[in-house]
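See below for the structure under consideration.
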Amino acid sequence: MSSRTLSVAASVVALAAFATWAAPALAQTDPAAIAKGYKAPRDAWGHPDLTGTWSPATITRLERDPKLGERLVLTAAEAKALESDIADGNAEAAKPTDQKLTVDQVDCGVKGFSGVGCGYNNFWVDPGTKVMRIAGEPRSSIIVSPKNGRLPITPEAQARERAAFGNAQVGNFDGPERRPLGERCLVGFGSTSGPPMLPVLYNNHYGIVQSKDQVAIQVEMVHDVRLLRLGGVHEPAGVRKWMGDSVAHWEGETLVVDTANFRPDQTFRGASSDMRVTERFTRISPTQILYQFTVADPSTFAQPVTGEEGWTLTKDQIYEYACHEGNYALPGILAGARTAEKQGKEMDGARGQVKEEGEK
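Throughout the sequence shown, residue numbering follows the working numbering, covering 22 to 381 in sequence.
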């Protein structure tokens, strides 16, 4: 038996094991119930046509506010209040800056950033203004399982992360290789490149193009392109790829994608490189795709993590993401670290591993 055959056989066994472990968490919304008889137009090969530019931008967070417990659906009043808060915040942030303020006093209008930490103000971000709605329901979180809408990280995985990161907050300062991937313009931060593909602070567009044997998803952030092979098997486990190795097939109206073989430096919220991600893309109306995902990694999560997003069709175009054009931040960060070392100071995080922007 060839090594290639052995690796394929091993992949089949691993997939079966993950499928068995993940089965209880697949309590997802039924796309057919939302579509109510809608059938997507077909492409030249008879498949449902997902072609277009789509956006999942939303103020709904990945994880639910613990105060909401197991309540996935918000009331209309709660959703309106959240959206009003965002609108009021944007209006306030759009006002001219008081020229009498010092740098340390400036509030740039972007949550989590202030003073010298304002890399950009509210004008440059576009996280969305609306609560995500699935089948008309305003959702309290993207995660639908576990029922509390929270990542079920095991104590062992938490200990593993603490040991790896040490006192690092946003990465190691030893050299460019130790900085976060998004900062190095390799892949988008916050899992926007996926999988799973999550909305982030800005640049939330996805462009989908289909062919007979492949589906391509252009990610606006950092110019990434995911290539989903229709049919076939995964590459050998030793072949680790950015955004993993994705194999897809059609199940009626739904494109189902199985992704494995992740690089250890690009995983989901502390998961191991052996995580498995299953995604489902279903066009449920002329203007919306229901995107569903399940992340399975027994070494990190006590149970599989399932989430749902509504992707809305837009007439916007995706322009070049010239990530490193005029990027003086990276050499400045490293120069600052070298200066601190000469002064006998150790920068916070200098001995930790890389921690990506957007991760808690």
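Yeah, the Cβ is synthetic: ideal placement off N, Cα and C, and Gly gets one too.
Just so it is clear, the structure is predicted and the values come from calculations on it, not from any experiment.
Considering only residues of the same chain and omitting the five flanking positions on each side of residue 108, which have a CB-CB separation below 7 Å?
-> 150
For residue 279: DSSP bridge partner residues | 268 and 299
State the beta-bridge partners of residue 330 as determined by DSSP.
-> 312
Secondary structure at residue 181, three-state DSSP: helix, strand or coil?
-> helix
Residue 85 in three-state terms, based on DSSP | coil
Could you tell me the boundaries of the alpha helix (DSSP H) in which residue 383 lies?
-> The structure shown does not extend to residue 383, since the chain is modelled only from 22 through 381, so no value can be given for it.
Do residue 247 and residue 238 come within 7 Å of each other at the CB atom, strictly closer than that value?
-> yes
Going by DSSP, what residues sit across from residue 228 in a beta bridge?
-> 74 and 239
Which residues mark the beginning and the end of the alpha helix (DSSP H) in which residue 107 is found?
-> 97-114
Taking Cβ positions, are residue 335 and residue 327 nearer each other than 7 Å?
-> no
Drop a sphere of 10 angstroms on the beta-carbon of residue 349, count the other beta-carbons inside from all chains shown, and report buried for 16 or more, exposed for fewer.
-> exposed
For the ligand COA, any of its heavy atoms closer than 6 Å to the Cβ of residue 278?
-> Absence of the ligand COA is noted for the structure shown, with no ligands found whatsoever.
Start and end residues, beta strand (DSSP E) containing residue 359 | It is not in any beta strand (DSSP E) - residue 359 instead sits in the alpha helix (DSSP H) that spans 350-363.
Hey, quick one: how far does the beta strand (DSSP E) through residue 164 stretch, first residue to last?
-> 164-166
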